[in-house]
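The next block holds one structure in the form of structure tokens; read it before the comments.
Residue numbers (my numbering), protein chains in the order written: chain A, 45 to 837; chain B, 26 to 515; chain C, 7 to 76.
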């Protein structure tokens, strides 16, 4: 009987086959998954990928560390009475079918009871029984349906990052109070002296007072705190006049109603706080699925396999790895430490570190660096340094990583706020001095009125709305910023430094050219067929170039991990692989990767792979040099220097062979004279990204992690960088213009205030009017520029 | 933490749907009769219980509380169970809700023609029926809150919030407006007097529109429109903002019904300002509903359900723009007591409430009877004839309203009225009344077609009265997790 | 016009009730994810009661086992 293959996972069905819907399955689990897919119109899953449910061998051991109870307890959110709850990060979530499938996990395994997806954050929270099931089994189950969970310890660290909902509460309090206070304050504006209104106004006023209490003492507290902090460190930030305005509004209004002088400014007060908080809320756009704080821990495995004395294996957490330990590194695992190779064929992919995806072959006895990914077979290594002391990871010891760029930077609003405060105080004092002389009774009234009307609400709103809106526009174009502060910093940049590999070169597309004897048609067909059978990245990329329609039937096919391929067909043999495997003596040291070919043991030639620059890089540099100086900072050898010099301006700084630490110092040196933008991609750029004024991480797939940075830029949008810089500068102009706009309102208000004629109704009209016009102006202006952005490229 | 199996109660939804269709036809037929009484004033002469003054409240009550009321219950009972992944809290309460409500409708249908009325608009029913309404309404709320408490889904979808708001506010409004002193079995006096009574009445009256005809339908829109289009609402975040901003200011718009009355000016103006402010959240909701359909307009072309919903949402948008405009004093000066008000009201009732209800019926009946709709062609025909009916109803009424307003304000040089006899304006707008009656007839015809379509569909389907579903129980969030607040915990 | 006091009290009480509901729902994390619920409500969860199909599958599976055992 023919060996049946499971329709879902592609495994042999053996003698347990389950027949369903004219298809064979190896187990009821696979059948159930298929059933769920097919009954819900998800069977296209199988068209996309045959053997879709296949669990790659490489994954099988990937989650072995989840056998370690200590690790599991650190990962789980809840673990009691045989029930565990875990929040898993799943980068692959991308559509509503994903949500549907992941929320129906209970149909795949009876031990799972609830699973809930948070789509914006790309997480799924699973509750399951531990009897007959485990976290490891869950991870494998998810991996088998194409949703490999991403586990990194720092995401689960117990020094909880609290979800800060206080702004939402404050906004709710202010909005609620504002609505009700408007209701109570308006009657006195519409009609004064009416019989019934005279009866009620005392009640109305005191109810307004009651509503304003939580606004002043709860919703507005951040402004007071910030003002006090500013004053303590002798900085007059924008919150000083705001806090002063709120305080004066409240005290003056209270005095007014106590002494029956008027209805007070409670509507202006609550409205002011509400609008200010709205601005803050709008500014707080976060990309829940991105993290701007990743360090090496996110890339590294949580645990590794240590080979103990008696050759027994145990899973230990990586911070428990010590010098001298012997570790087992499996295929597709990442080296967590610097080490010496003891056993096995090392073929290391350093793309996490350098952005270079082509693997490097290492021999026994050679030194391996942390951050590389093993691509073929199992390795045994001896640890040279602990995790935090390794070549790459010691970078994070630098103090720059604990610095917050936002606090050191003085925003436009704050620098204006300082001058503004001084002017307002001068006006208030001189006006009240004047009235002290001419009509002393009015002096206090004028003093408070000036502070009320000059409260820079509109100024404080200009930046949040402009920048917040710009942040969203950028986000739609694939440029994700950590916060709005980055835009202001970006506008000031006058020097841009680029990493080479992975940043301005692509990772997946290669330029390949062939050197050697010409291949016959039959040889080409055979080569293509051979490559087709291999899953090695180089084979794949070569196959995609050579694609052949005539598929030859291979009689024999062997893949030697770390060496190459061998295939036989109709008495012909073909060998594809490294120089030593094919039997070629490499002529001199080539800088580029090459694949050698031999046919019937006769060496034919080699395919040479070269980096390809991203499309439009030349254009990018041309556009950028209009605005700033440029430079290249590469960890590679200088093989590409001449090509780069062609597309860069003459005086551009180009440095090769830069270690991660060097990059950091290079940027630091430049910062003495420049505001520096660093564009990088790998972990080796992390130091430079942190040190620079703005660090942008370029990413081909934003679901894959980028190192800590200020912004993540989709590689496809890299050529738009000059436009983003231009827009940032325009944003600053918009903010300045809206300052002017709000100043006009302030002047009108100040006229009423200084002359002692400020009525609550005037404040109640001017304040929202100025705020709304500033918000409308900034929104329109940013959208207008944003539309240009979409039209240009 | 075992997965639990349970059954959704479809029977109660079906019952409410039948009642919706029955009372819808009855209420609109009464309306049609009234429309014809404008053309033939004497057709019911001599029959006191068929006189205009008695039938008019019967029509409004039947359409608002019987047709729309039952549609709300049907929609809520269907969607609430599914949104919360549980059966209704108590089948007994569901039953009391259903039969109690039908009993109230029957009582209204008897007492109103017989002349028993409190004479408060939309609250005409006498005190024993008022009491019954309060009891049944509280039963509905009790059942709903009970269901929410035993839910299996932590997150409360925005529609549920709209339902909750409907229950709470309508309860409060009904109870406080209906405070009255009984003097006999079917006679009572309001506890408020004069302009105070008017203020309370319109604080209730406007909010009856707001919280009985609007908020529940917004909830239904947020459930059934995405369901029918099979795509998520355009912006869920906006829908949350929509709900909370509506809740915080809707309740204050009442006094605009008392413009140019004895109410103090400041109170009138307050009503105006808050009515105008309402445009923002109302249109936010409308735009959210319409944008949900972006990308499926080709589906709208063929699917009657979606077409009904599009017109319903558009009708909502028109009515909520027109309302604030009407509350402006100078606009109101034209519209006051004219047929413009009738047009405004019917755009809301026929398009927003009626069409959303029809869309819901066309969606739910095949679903609950496990079959397909008997005839899509008839449903589409219903849509077009219904739309034509609305247009033929509303446009002539606008014209009539303006005609009336202009004629009433025409003065001779000596200051006397040009059209001193009220009948002169009436005879002027007779053609509009004809068109209105035709429009209304078309609308009812469409409804009868729907009833036929639904009956045949039900015949060919098989009723699933208790639908099986499964979900894991909702676990209370532990204190530890709440304190931490590090993970989303619904 | 003293009814204003009544209306004001009722309206503010209702508003306060809703306001508390708002605070409570924010605190319970109801609005932490303002997207997924809108997709989740689209999923139909009605179960087709276990019918013949499943049993058929089972017997066939058993037959298969016998076949392969032979």
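Here a beta-carbon is modelled for each residue, glycine too, at the ideal position from N, C-alpha and C. Bear in mind the structure is a predicted one, so any value in this text is a computation, not a measurement.
Can you give the beta carbon distance from residue i to residue j, rounded, assuming they're within the 8 Å contact cut?
i: residue 573 of chain A; j: residue 620 of chain A; result: That belief does not hold up - the Cβ atoms of residue 573 of chain A and residue 620 of chain A are roughly 11 Å apart, past 8 Å.
i: residue 336 of chain A; j: residue 730 of chain A; result: At roughly 12 Å, the Cβ-Cβ gap does not stay under 8 Å, so residue 336 of chain A and residue 730 of chain A are not in contact.
i: residue 732 of chain A; j: residue 724 of chain A; result: 6 Å
i: residue 457 of chain A; j: residue 282 of chain A; result: 5 Å
i: residue 478 of chain B; j: residue 399 of chain B; result: 5 Å
i: residue 87 of chain B; j: residue 52 of chain B; result: 3 Å
i: residue 292 of chain A; j: residue 492 of chain A; result: 5 Å
Within the continuous beta strand (DSSP E) that includes residue i, where are the two ends?
i: residue 612 of chain A; result: 608-613
i: residue 604 of chain A; result: 600-604
i: residue 34 of chain B; result: 29-34
i: residue 600 of chain B; result: This structure leaves residue 600 of chain B out entirely; chain B is present only between 26 and 515.
i: residue 524 of chain A; result: 523-525
For residue i, collect the residues of the same chain with a Cβ closer than 7 Å to its Cβ; drop the 5 residues on either side in sequence, then sort them by chain order.
i: residue 536 of chain A; result: 719
i: residue 115 of chain B; result: 168, 171
i: residue 760 of chain A; result: 522
i: residue 794 of chain A; result: 471, 494, 497, 498
i: residue 410 of chain A; result: 385
i: residue 819 of chain A; result: 505, 509
Please work out which residues of its chain come closer than 8 Å, Cβ to Cβ, to residue i, disregarding the five sequence neighbours upstream and downstream, and give them in chain order.
i: residue 372 of chain B; result: 340, 343, 344, 347, 415, 419
i: residue 159 of chain A; result: 146, 147, 148, 149, 150, 168, 169, 170, 171
i: residue 286 of chain B; result: 220, 223, 293
i: residue 659 of chain A; result: 763
Check each candidate in the options and name the one with the smallest Cα separation from residue i.
i: residue 746 of chain A; options: A:523, A:667, A:698, A:616; result: A:523
i: residue 830 of chain A; options: A:512, A:565, A:622, A:190; result: A:512
i: residue 358 of chain B; options: B:426, B:398, B:422; result: B:426
i: residue 162 of chain A; options: C:34, C:14, C:45; result: C:45
i: residue 389 of chain B; options: B:248, B:313, B:350; result: B:248
i: residue 821 of chain A; options: A:790, A:800, A:802, A:775; result: A:775
i: residue 133 of chain A; options: A:333, A:229, A:293; result: A:333
i: residue 350 of chain B; options: B:65, B:298, B:72; result: B:298
i: residue 475 of chain A; options: A:446, A:798, A:190, A:373; result: A:798
i: residue 498 of chain B; options: B:48, B:64, B:254, B:175; result: B:175
i: residue 302 of chain B; options: A:226, A:278, A:175, A:828; result: A:226
i: residue 66 of chain B; options: B:47, B:165, B:451; result: B:451
I'd like the span of the alpha helix (DSSP H) that includes residue i, first residue to last.
i: residue 244 of chain A; result: 239-258
i: residue 340 of chain B; result: 329-352
i: residue 775 of chain A; result: 765-798
i: residue 364 of chain B; result: 364-371
i: residue 642 of chain A; result: Taken as a continuous stretch (DSSP letters only), residue 642 of chain A belongs to no alpha helix (DSSP H), being part of the beta strand (DSSP E) at 638-643.
i: residue 86 of chain B; result: 77-86
So, for residue i: in the same chain, excluding its five sequence neighbours on each side, which residues have a beta-carbon less than 6 Å away from its beta-carbon?
i: residue 440 of chain A; result: 339
i: residue 267 of chain A; result: 283, 286, 287
i: residue 297 of chain A; result: 308, 309, 310
i: residue 271 of chain B; result: 306
i: residue 612 of chain A; result: 599, 600
Does the stretch 733-741 of chain A come into contact with the stretch 494-503 of chain A, if we say contact requires no fewer than three beta-carbon pairs (one atom in each stretch) closer than 8 Å?
no
Looking at C-beta atoms only, is the number of pairs between the stretch 335-355 of chain A and the stretch 178-198 of chain A that lie closer than 8 Å three or more?
yes
Under 8 Å, with one C-beta from each stretch per pair, do the stretch 100-110 of chain B and the stretch 170-188 of chain B reach the 3-pair mark?
yes
Taking contact to mean at least 3 C-beta pairs separated by less than 8 Å, is the stretch 537-544 of chain A in contact with the stretch 701-720 of chain A?
yes
Tell me whether the stretch 415-422 of chain A and the stretch 467-486 of chain A touch, counting them as touching only if at least three CB pairs, one residue from each stretch, are closer than 8 Å.
no
For the stretch 662-669 of chain A against the stretch 687-699 of chain A, do three or more pairs of beta-carbon atoms, one drawn from each stretch, fall closer than 8 Å, so that the two count as touching?
yes
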